[in-house]
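Data block below; observations after.
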Amino acid sequence: MQVLLVDDDDGLRGALAQAFELAGIDVIAEQRPTAALARIDPAFPGIVVSDVRMPGMEGTELFRRIAAIDAEIPVILMTGHGDVAMAVAALKDGAHDFVTKPFAADRLIASARRAMATRRLVLDNRALRAAAEQAAGGDALIGETAVMVRLRDTIVQVAQAEVDILIEGETGTGKEMVATLLHRGSARRARPFVAVNCAALPDGIAEGELFGNVYGGSGRLARVGRIEASDHGTLFLDEIESMTPGVQGKLLRVIEEREVMAIGADAPRTLDLRIVAAAKEDLAVAVADGRFRADLLYRLDAVRLRVPPLRERRADVPLLFGHLLTLAATRFGRAVPRIDAAVQARLADHDWPGNVRELRNFAQRVVLGVDAPAPEAATPDATLPERVERFEAAILRTTLEQTAGDVRTALTLLGIPRKTFYDKVARHGIDLDSYRGG
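Set out below in structure tokens:
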């Protein structure tokens, strides 16, 4: 953050610039308002402190022109006793503050610090919103229902806070997207964001993968664990309820002491990291069932965010689907298709158990023109085998959406052998990987 100081009085301008520098504040001093305006744009990383009485352009006019560029750039006006009424009017129009001459430098510096804190928050919030729009999967947080507005606002509020966070939500709701936004909105944004899918870690290698290990007796790391790799950044533990009891106990020490002990190491390594954990079930139930440590839950639960499923925000489905349809059309180089009555009925009536991921897959199929119609909606000239093939493909896709690509669960629901399942998937050209993810 910096102060753009504007005053035509050389002596006062120099004295104030020196006062700001002694206070550890970066300052740019300009004699002419036009020169100051040339430095202003919506990304300006600071505030403006301006005298009111200046030749060519008064401070109040400078304030109005700055507000036209970005109304959220704080402007502090320095006034003489005769200009107080003018400054008060500017304050009502959105100026941040005014100080009346003569004033103590400490008074101006205190006001400037408050203004810089306000500006920093504005820029951080904009960066967070931009990250939400640009990041892959950012569509997960699109929506205007009260629950989504509240979720986005909460992310902005807690992103800068140095607290661990627990995210709850069903498969496909966008928990990893929330974790990514928390990282990008924090002071750690330039540091590593390390995501670990706890459910995908085989029991035999989970500890080495997470905590690392050393060469026998050498003290040198043979493998840097994922936890240590997130030092100074953010560690995202997805599906944390899948961790074994032994790994949970070691993770508890990491959270409590902020240090990690690699396998075979003689001493722990101190860490500076933020932990964001995600669970697709209520961890309190897992604790009651004896599958999750109560003390670990209490440590993780400093702040809890819940990402709602689509069935709880049905009003967002058309808006979100329109966005996903546009993304899919761009991805495949096709025109955005017209939404017919059948698609509209599906959007309105379906519960979307696979949440945003399922809706995204549906949008892609609509763009590609391969979404199978119900048997009664099949084209009149389609043969019975063709209708059966389409219906079978639709059942396979719906089941994969519901199970998030979990083949074992899909086989149970479909009641067919594994080989038969894979033969059908290959015949219908279904990409299993497109149904998997966080």
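Here this note's numbering is used: the first residue of the sequence shown is 1403, the next is one more, and so on.
The beta-carbon is built from N, C-alpha and C at its ideal position, and this holds for glycine as well.
Outcome for residue i when other beta-carbon atoms lying within 10 angstroms are tallied against a minimum of 16
i	result
residue 1569	buried
residue 1586	buried
residue 1517	buried
residue 1734	exposed
residue 1700	exposed
residue 1477	buried
Bounding residues of the alpha helix (DSSP H) (the contiguous stretch that carries residue i)
i	result
residue 1759	1757 to 1770
residue 1656	1647 to 1659
residue 1822	1820 to 1829
residue 1612	1608 to 1613
residue 1746	1743 to 1751
residue 1463	1461 to 1471
residue 1686	1685 to 1690
Where residue i sits in the DSSP three-state scheme
i	result
residue 1448	strand
residue 1626	coil
residue 1709	coil
residue 1442	coil
residue 1638	strand
residue 1365	Absent from the structure is residue 1365, since the part of the chain shown begins at 1403 and ends at 1840.
Any non-hydrogen atom of the ligand ZN within 8 Å of residue i CB
i	result
residue 1552	Looking at this structure, you won't find the ligand ZN or any other ligand, since it has none at all.
Within 9 Å, strictly: CB atoms of residue i and residue j
i	j	result
residue 1435	residue 1474	no
residue 1503	residue 1488	no
residue 1486	residue 1451	no
residue 1640	residue 1688	no
residue 1818	residue 1704	no
residue 1638	residue 1581	yes
residue 1596	residue 1547	no
residue 1761	residue 1726	yes
residue 1630	residue 1662	yes
residue 1903	residue 1571	The displayed coordinates of the chain run from 1403 to 1840. Any statement about residue 1903 would go beyond what the structure contains.
residue 1802	residue 1826	no
residue 1545	residue 1753	no
Between the CA atoms of residue j and residue i - distance to the nearest angstrom
i	j	result
residue 1613	residue 1526	33 Å
residue 1632	residue 1437	44 Å
residue 1449	residue 1433	16 Å
residue 1415	residue 1445	25 Å
residue 1440	residue 1561	33 Å
residue 1589	residue 1634	10 Å
residue 1824	residue 1831	10 Å
residue 1564	residue 1676	7 Å
residue 1425	residue 1643	49 Å
Boundaries of the beta strand (DSSP E) in which residue i is found, first to last residue
i	result
residue 1718	Residue 1718 -> no beta strand (DSSP E), and no H or E assigned at all.
residue 1543	Premise fails: residue 1543 is in no beta strand (DSSP E) and is neither H nor E.
residue 1676	1676 to 1681
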